[in-house]
Amino acid sequence: MSRAMFDSVIFDVDGTIWDTTPVVAEGWNMALRESGIDDINITAARLKGLFGLPMDAIIEDILPDASDELKKRFAPLSYKYEHLCIEKKSGILYEGLTDTVKALSERYPLYVVSNCQAGYIELMLCKTGMTPFFKDFTCYGDNGLYKAQNIRLIMERNGLKNPVYVGDTQMDANACKEAGVPIVYAAYGFGKVDAPYATIKTPAELLQVL
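Right, here's the structure in full:
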């Protein structure tokens, strides 16, 4: 596919736009303690291997032996403390990301699709000051749809014919394949991607690829 055929760019969030794993780990550990769980400690490194999954799958990985009641109690607490910690400390925005997004927004409509919880994308856009650069977004927490379905939803909702997705994991790549969309692999992020359309080692390289 040639560059001229792309009519839009869809971004992943974690590992692509910013890294909140140290802050989220702090919040989730607070949620665990309030849930009465003292023998589990979540680290940023562990979260980097889990981010990209829907929240229910992450909770299942973290609390595989917990009762359904405990998991249900932990989930809203994790959202609460994650939000509070990000509000207070924010995430680590990748170097050059803001300038790249601003420049891209002058050439393409930009969107966000993630498997995150409801409210997370809005918080990210607010904390990074990038709300004006994005036309639309959606996530698993908003509608219960997985990433491939939400990519198609954004396409249908905005009349997109040939978007390209920017993500950092094989889960992103699998969703893109299912949705029929090429992926640019953000190699500075959390994971690996097999046979992407292109690979970038810094956000600024996206301007050269597109």
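With our numbering, the residue at position 34 of the sequence shown is 35, and numbering never jumps. Here a beta-carbon is modelled for each residue, glycine too, at the ideal position from N, C-alpha and C.
Practice task
Would you kindly work out how many angstroms separate the C-alpha atoms of Asp100 and Arg158, rounded to a whole number?
Solution key: Your numbering for residue 100 matches position 99 in the sequence shown. Your numbering for residue 158 matches position 157 in the sequence shown. The alpha-carbon atoms of Asp100 and Arg158 are separated by roughly 27 Å.
Practice task
Measure the C-alpha to C-alpha separation of Arg153 and Cys177 and round it to an integer number of angstroms.
Solution key: Along the sequence shown, read from residue 1 onward, the residue named residue 153 stands at position 152. Along the sequence shown, read from residue 1 onward, the residue named residue 177 stands at position 176. Rounded to the nearest angstrom, the two C-alpha atoms are 9 Å apart.
Practice task
Can you give me the start and stop residues for the alpha helix (DSSP H) that Ser115 sits inside?
Solution key: The residue given as residue 115 occupies position 114 in the sequence shown. Looking at the DSSP string, Ser115 is not in any alpha helix (DSSP H); the run it does join, the beta strand (DSSP E), is Leu111 to Ser115.
Handout entry: Three-pair Cβ contact test at 8 Å for the segment 80-99 versus the segment 28-40
Key = In short, these stretches touch, since the Cβ pair count reaches three.
Practice task
Taking only the alpha-carbon atoms, compute the straight-line gap between Leu208 and Ser9 and give it to the nearest angstrom.
Solution key: The residue given as residue 208 occupies position 207 in the sequence shown. The residue given as residue 9 occupies position 8 in the sequence shown. When rounded, the distance between both Cα atoms is 13 Å.
Exercise for the section: Measure the CB-CB distance between Ala180 and Tyr166 and report whether it falls below 9 Å. Expected result: Mapped onto the sequence shown, residue 180 falls at position 179. Mapped onto the sequence shown, residue 166 falls at position 165. Yes.
Exercise for the section: Look up Gly37 in the DSSP assignment and say whether it is helix, strand or coil. Expected result: Counting from 1 along the sequence shown, the entry for residue 37 is found at position 36. Coil at Gly37, not helix or strand.
Problem - Beta-carbon proximity of Thr17 to Asp169, cut-off 9 Å - result: Numbered from 1 along the sequence shown, position 16 holds the residue referred to as residue 17. Numbered from 1 along the sequence shown, position 168 holds the residue referred to as residue 169. Yes, Cβ-Cβ distance for Thr17 and Asp169 is below 9 Å.
Handout entry: Assumed close pair Trp19, Ile93 - CB separation to whole angstroms, cut-off 8 Å
Key = In the sequence shown, the residue the question calls residue 19 occupies position 18. In the sequence shown, the residue the question calls residue 93 occupies position 92. Correct: roughly 6 Å between the Cβ atoms.
Practice task
Apply the 10 Å Cβ neighbour rule to Met6 and answer buried if 16 or more other Cβ atoms are within range, or exposed otherwise.
Solution key: In the sequence shown, the residue the question calls residue 6 occupies position 5. Exposed.
Practice task
Assess, as a yes-or-no matter, whether the segment 97-114 is touched by the segment 50-59 under the definition of 3 or more beta carbon pairs within less than 8 Å.
Solution key: They do not touch, by the three-pair rule.
Problem - CA-to-CA distance, Gln118 to Ala196, given in whole angstroms - result: In the sequence shown, the residue the question calls residue 196 occupies position 195. In the sequence shown, the residue the question calls residue 118 occupies position 117. Taking the straight line joining both Cα atoms gives about 29 Å.
Handout entry: Coarse secondary structure for Gly145, derived from DSSP in three states
Key = As a position in the sequence shown, residue 145 is number 144, starting the count at 1. For Gly145, the three-state secondary structure derived from DSSP is coil.
Practice task
Keeping to the same chain, check which residues put their C-beta closer than 6 Å to that of Ile59; ignore five residues upstream and five downstream.
Solution key: Taking the first residue of the sequence shown as position 1, residue 59 is located at position 58. Taking Ile59 as the centre and dropping the five residues before and after it, the same chain places the C-beta of Leu51 closer than 6 Å to its C-beta, in chain order.
Exercise for the section: Could you pull the start and end residues of the alpha helix (DSSP H) that Phe75 belongs to? Expected result: Taking the sequence shown and counting its residues from 1, the one referred to as residue 75 is at position 74. That run of the alpha helix (DSSP H) goes Asp69 to Lys90.
Problem - Per-residue DSSP class, three states only, for Asp15 - result: As a position in the sequence shown, residue 15 is number 14, starting the count at 1. Three-state DSSP puts Asp15 in a strand.
Handout entry: For Met2, the three-state DSSP class (helix, strand or coil)
Key = Here residue 2 refers to the residue found at position 1 when the sequence shown is read from its first residue. At Met2, the pLDDT of 45 sits below 50, so the modelled position is not reliable and the matter cannot be decided from this model.
Problem - Proximity below 9 Å, CB of Ala48 to CB of Val14 - result: Working through the sequence shown from its first residue, we reach residue 48 at position 47. Working through the sequence shown from its first residue, we reach residue 14 at position 13. First, the amino acid is wrong: residue 48 is Leu here, not Ala. Taking C-beta atoms as the reference points, Leu48 and Val14 fail to come closer than 9 Å.
Handout entry: Near the ligand MG: Arg47 beta-carbon under 8 Å from a heavy atom
Key = Because no ligand of any kind appears in the structure shown, any question about the ligand MG cannot be addressed here.
Problem - Where the alpha helix (DSSP H) containing Thr101 begins and where it ends - result: Translated into positions along the sequence shown, residue 101 becomes position 100. Looking at the DSSP string, the run of the alpha helix (DSSP H) that includes Thr101 is Leu98 to Ser106.
Problem - Ile11 burial status per 10 Å Cβ neighbour count (16 or more: buried) - result: Residue mapping note: residue 11 aligns to position 10 of the sequence shown, counting from 1. Label assigned to Ile11: buried.
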